[in-house]
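Engineer: Residue numbers (this note's numbering): 1499 to 1628.
Here a beta-carbon is modelled for each residue, glycine too, at the ideal position from N, C-alpha and C.
Take a look at the following structure, please.
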Amino acid sequence: MEAIAKLNNVPTSPRKMRLVADMIRGERVNRALNILKFDSKHGSARLEKLLLSAIANWQQKNEDADLEEADLYVKTIFVDSGRMLKRLRPAPQGRAHRIRKRSNHVTIVVDSLQAVDHTAENNQEQDNNE
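Written out as structure tokens, the structure reads:
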């Protein structure tokens, strides 16, 4: 069973956050946490906290399951553009340049590898029965 965690209005460019998100997509949770912990990019600290929140959400949904045996992995992670604050910066000769301060929304989904294995086995059994 999967668990979802969302982070809204992060004051970082979506392009910069996607660089960090691409590093952990599809990774096991322990490896993803290590990657984020030792990465020097600005968004990695926020994504690490979000991943811990997703793990806590999974534990809350599956109280009877053991976290170590579940073998969690990052099923999906995506970064969407958030609102854009528009500011003006003075320019030469009385003009002004528009500065766009971007923000983003991050959604992360973690799932158990065991759940994926069970669904694959069920699909094979259905194919064999037909």
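Which runs of the alpha helix (DSSP H) spanning at least 4 residues fall entirely within the stretch 1523–1605, listed in chain order?
Structural biologist: List check, alpha helix (DSSP H) in window: 1527–1535, 1541–1559 and 1565–1568.
Engineer: Could you check which residue in A1530, L1586, V1508 and S1511 has the C-alpha nearest to that of V1608?
Structural biologist: If we check each option's Cα against that of V1608, A1530 comes out closest.
Engineer: Taking the alpha carbon of D1569 as the reference point, which residue from A1503, V1527, K1514 and V1518 has its own alpha carbon closest?
Structural biologist: Checking every option, the nearest Cα to that of D1569 belongs to V1527.
Engineer: Is it buried or exposed, K1573, if we count other Cβ atoms within 10 angstroms and call 16 or more buried?
Structural biologist: Its Cβ being crowded by 16 or more others within 10 Å, K1573 is buried.
Engineer: Would you check if the distance between the CB atom of P1509 and the CB atom of V1577 is smaller than 9 Å?
Structural biologist: Taking 9 Å as the Cβ cut-off, P1509 and V1577 do not qualify as a contacting pair.
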